[in-house]
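Participant:
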């Protein structure tokens, strides 16, 4: 059977993509559906004798009354807002710096990438050490060597939360910077030159040329960072374990505790589903933006 | 005069940003080279005594070398498999005619945004049923799934940049689809593949969530898990943590300094062009 | 035997008919040009001949063989692309040798053929270089080398000279003409540049919006444009088109437009008298002198070898040509004489034939 040219091409392309689709189907899409399924059962891993009965939406009803879950939701949103805001600001500053031409630019770029490159748990330990009440660098810098009253930063709800934000901002501002940088580089130099000839100062040029033209990049950076911020886990696990007093308990950490520490896979799956729905809605927005651009590409 | 001031201010700002970026890492590096007494000293000593004591201790008492070995195997294998699959899929999505392309790319994008917790439980169950908890493949398979979107994204955007009529010329010269792929496209893919491999490796090396869940036996744990779970008998073994962290980080810092241009291009191309 | 035959070729893209029942024939060894503006479908015709796309209707015959179901490889054709499409990772030698390697030719055979092709094109000194080290013109030659090395039945060129600068383009034209004479392979050449068409082509197929406008030799297409499109597309500067009507004045037939009256040489145009026609007069048929057209010089272009005059007459804008020694100035009034033998007439866009008189008797009757 002789197939037409385009049919053969389509089949060939399908073969090339198939293995990836298999991976994604088995280890991503199926688990999501399975999580939904699990959330409708009562599962206590440490009590296998109870079996795993179907209980409908009972877990969800329990979730609505779960104060800790609500607290985690609030914490997560607060974290998302705080960290994305600062990351965009710092990212913008860093991008503006890297965008300029100067000798040694490569070293500066590499230095700024280091926080992004290191494992988050390592960064968490680093900051935990700096925030340490006894021999942390921060306390020394703030209070000097006179050992009077050292602040136990991570023992205070507000400061613990701030510490997580600080660590996250430190770690990922450079990623936001890279995306904004790509946007900056699409602005032709001639625009600035024309503005300079017209008499616009640096601040004016920034406000009327740079800001408007990097809006799409800012948007992309915002969405990427938002998606990642919702999934914060490593920082919380290492630095605060959700405490003190659940002040840094975030959704993924709470879910992790329920499923793996307490073995409540049914209820924990309910939390998983919640997290999924929140991020799914945001990602739909993102995909709508990105998707239309992809379809405009070749073929 | 104003320009001189502007330049000076800029230089100061740049220096500040660089210092801030490197400070925690350098502080930890510094700490790892001290002696046990120095760590708790106040004021903290800037110049370390240059002792490798903590490294030795980390290796002897805390399994550091095993962590390193496990990380290398898992990250290495994941990178190899992901890259192989990404080159094929990225090419197909970038250059060939195919139905449902938008949906497929969208699905990959979607997967990259899944919260780990939402798939963790079921993935754990799947691996448990195969007996693959605490095995290398048990971690590599989820890693491949998680890094495929990244790999495909980078290779696809790279392939899109190739001259448009290459496939036509190859067809006229007599190549079928497979020949075109292997004789013309893949030889040209090297730079894109390299960048993708860099980013995938860094991701796999740093991953914590799934490593924590799947590798519960100390002998299989990767560096991030080892470092996160460091417990001393009475106090936090900061020195050993610092040493282990440095070991985990130095290769990455080297990679970043060597390939910063590629990394920047890979990350921003993926984001903006996409 | 025909080198190539296209029969009723049709192709639709996204609901739009890009090519509409295109038919033409090319003889063995003939150099055929597909000429038309951007987007007219000429490149699509080429791709259908090559087998890179599949037509929706109609047939393609290469050397009397229907090739519609065959892959490009099976059609025994070679193609030179506008962007050259050289393989960046291979050097010049390997680029040219590539199609031969795919066909599993022996290394010695390949060496012989590649050297011959490279020698013919003057690139045998740069065989080890990579495409990025070459200039545009050199890359061009490598692309041509890759095409000729296989000695195919058919050569396809897709606007190969568009990316070259003007000077290089004219020297390449001469080379391509020489190559064709030497190799004698049937060639289909796509371009929007009428100079290339007129100088290289033995047969020109004029296409607009997917429909063939005219097929003929360069001479035919220039001297007897079949419709308004061809008349205005070919000819530089373009033909002057004047709307008017044919009237009878006594025994004479005249073309009248407002104040303009030009005698018409054909008796048999009697039947068209009273109707609206469009007249086409090429700039070289108009020159300074006593004549029916008068106006004011708006603009003058001195080209060195000749002068182009832009004249405003009434509310018409006329282009005329004069010798290099033309002394008139912008703003002056000028009168233009017409070579009545060379006026074209079009009714409903289609050509009405105008007698030429004796072949060599150009400009016999100047008014």
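Protein chains in written order, with our numbering: chain A, 11 to 309; chain B, 824 to 1097; chain C, 287 to 653. Ideal Cβ positions, reconstructed from N, Cα and C, are used throughout, including at glycine.
Please determine, among 98(A), 137(A), 109(A), 114(A), the residue with the shortest C-alpha to C-alpha distance to residue 182(A).
Facilitator: It is 98(A) whose Cα lies nearest to the Cα of residue 182(A).
Participant: Distance check for residue 627(C) and residue 648(C), CA to CA, integer angstroms please.
Facilitator: With a pLDDT of 38 at residue 648(C), under the threshold of 50, the predicted position of this residue should be treated as unreliable, though the coordinate-derived value follows. Their backbone Cα atoms lie some 7 angstroms apart in a straight line.
Participant: Can you find the residues in the same chain that come closer than 7 angstroms, C-beta to C-beta, to residue 46(A), ignoring five residues on each side of it along the sequence?
Facilitator: Closer than 7 angstroms at Cβ, skipping near neighbours: 283.
Participant: Less than 8 angstroms between C-beta atoms, sequence neighbours within five positions excluded: which residues of the same chain meet that for residue 304(A)?
Facilitator: Model confidence at residue 304(A) stands at a pLDDT of 49, short of 50, so the residue's coordinates are unreliable; what they give is reported in the following sentence. So no residue of the chain qualifies.
Participant: Smallest Cα separation from residue 593(C): which of 437(C), 613(C), 576(C)?
Facilitator: Checking every option, the nearest Cα to that of residue 593(C) belongs to 613(C).
Participant: Taking the straight line between their C-alpha atoms, what separation do you get for residue 836(B) and residue 924(B)?
Facilitator: Their Cα atoms are separated by approximately 45 angstroms.
Participant: When the cut-off is 8 angstroms and only beta carbons count, does residue 510(C) lie next to chain B?
Facilitator: Not one chain B Cβ lies under 8 angstroms of residue 510(C).
Participant: Evaluate residue 1089(B) with the Cβ neighbour count: other Cβ atoms within 10 Å of its Cβ, from every protein chain shown; 16 or more gives buried, anything less gives exposed.
Facilitator: Residue 1089(B) should be labelled buried.
Participant: Comparing the C-beta of residue 137(A) with each C-beta of chain B, is any distance below 8 angstroms?
Facilitator: Taking Cβ atoms only, chain B reaches closer than 8 angstroms to residue 137(A), which makes this a yes.
Participant: Considering only C-alpha positions, which residue in the set 539(C), 560(C), 460(C) is nearest to residue 550(C)?
Facilitator: It is 539(C) whose Cα lies nearest to the Cα of residue 550(C).
Participant: Is any beta-carbon of chain C found at less than 8 angstroms from that of residue 830(B)?
Facilitator: Not closer than 8 angstroms to any Cβ of chain C, the Cβ of residue 830(B) fails to qualify, so no.
Participant: Just to confirm, are residue 1066(B) and residue 878(B) a CB contact at a threshold of 8 angstroms?
Facilitator: Contact: yes.
Participant: With distances taken Cα to Cα, identify the nearest neighbour of residue 291(C) among 349(C), 340(C), 480(C), 333(C).
Facilitator: The candidate whose alpha carbon is nearest that of residue 291(C) is 349(C).
Participant: Compare the beta carbon distance of residue 970(B) and residue 863(B) with 8 angstroms and say whether it is the shorter of the two.
Facilitator: Not closer than 8 angstroms, so no.
Participant: Beta-carbon within less than 8 angstroms of residue 364(C)'s beta-carbon, same chain only, minus the 5 sequence neighbours each way: which residues are those?
Facilitator: 385, 432, 433, 434, 436, 438, 440, 441, 442, listed in sequence order.
Participant: Taking DSSP as the reference, what is the three-state secondary structure of residue 381(C)?
Facilitator: Note: residue 381(C) maps to helix in three-state DSSP.
Participant: Alpha carbon to alpha carbon, how far is residue 419(C) from residue 409(C)? Give it in angstroms, no decimals.
Facilitator: Using only the alpha carbons, I get a separation of about 13 angstroms.
Participant: On the DSSP letters alone, give me the boundaries of the alpha helix (DSSP H) that residue 582(C) sits inside.
Facilitator: Here residue 582(C) belongs to no alpha helix (DSSP H); instead the beta strand (DSSP E) covers 572-588.
Participant: Does the distance from the C-beta atom of residue 79(A) to that of residue 264(A) stay below 8 angstroms?
Facilitator: Yes. Within cutoff.
Participant: Below 7 angstroms CB to CB, which residues in the same chain sit around residue 334(C) once its five sequence neighbours on both sides are set aside?
Facilitator: Closer than 7 angstroms at Cβ, skipping near neighbours: 295, 297, 341, 346.
Participant: Opposite residue 549(C) in the DSSP bridges: which residues?
Facilitator: Answer is 540(C).
Participant: So does the stretch 273-283 of chain A actually touch the stretch 194-213 of chain A, counting three or more Cβ pairs closer than 8 angstroms?
Facilitator: Judged by Cβ distances under 8 angstroms, the stretch 273-283 of chain A makes no contact with the stretch 194-213 of chain A, as fewer than three pairs qualify.
Participant: Let me confirm a value: residue 32(A) is counted as buried when at least 16 other C-beta atoms fall within 10 Å, else exposed. Which label applies?
Facilitator: Classification for residue 32(A): exposed.
Participant: Taking the alpha carbon of residue 566(C) as the reference point, which residue from 617(C), 629(C), 330(C), 513(C) has its own alpha carbon closest?
Facilitator: The residue with the shortest Cα to Cα distance from residue 566(C) is 629(C).
Participant: Would you grab the beta carbon distance between residue 1033(B) and residue 965(B) for me? Rounded to a whole angstrom, and I think it's under 8 angstroms.
Facilitator: Sure, about 5 angstroms apart at Cβ, within 8 angstroms.
Participant: What would DSSP say about residue 475(C), mapped onto helix, strand or coil?
Facilitator: Residue 475(C) falls in the strand class under three-state DSSP.
Participant: Using only CA atoms, which one of 893(B), 997(B), 843(B) lies nearest to residue 1045(B)?
Facilitator: Of the candidates 893(B), 997(B), 843(B), the one whose C-alpha sits nearest the C-alpha of residue 1045(B) is 893(B).
Participant: So, helix, strand or coil for residue 260(A), using DSSP?
Facilitator: Residue 260(A): coil per DSSP, three-state reduction.
Participant: Below 8 angstroms CB to CB, which residues in the same chain sit around residue 312(C) once its five sequence neighbours on both sides are set aside?
Facilitator: Contacts found: 288, 289, 290, 291, 318, 472, 474, 489.
Participant: Per DSSP, what kind of secondary structure is residue 596(C) in: helix, strand or coil?
Facilitator: Strand.
Participant: Taking the alpha carbon of residue 884(B) as the reference point, which residue from 983(B), 1073(B), 1054(B) has its own alpha carbon closest?
Facilitator: Nearest C-alpha to residue 884(B): 1054(B).
Participant: Rounded to whole angstroms, what is the Cα-Cα separation between residue 869(B) and residue 254(A)?
Facilitator: Rounded to whole angstroms, residue 869(B) to residue 254(A) spans 31 angstroms at the Cα level.
Participant: Give me, in chain order, the residues of the same chain whose beta-carbon lies closer than 7 angstroms to that of residue 258(A); leave out the 5 immediate sequence neighbours on both sides.
Facilitator: These residues qualify, in order along the chain: 85, 170, 171, 174, 246, 250, 252.
Participant: With a 10 Å radius around its C-beta and 16 neighbouring C-beta atoms as the bar for buried, classify residue 991(B) as buried or exposed.
Facilitator: So residue 991(B) counts as buried.
Participant: Tell me the residue span of the beta strand (DSSP E) that contains residue 824(B).
Facilitator: Note, residue 824(B): premise wrong, no beta strand (DSSP E); not H, not E.
Participant: If you compare alpha carbons, which of 521(C), 405(C), 498(C) is closest to residue 479(C)?
Facilitator: Considering only alpha carbons, the answer is 521(C).
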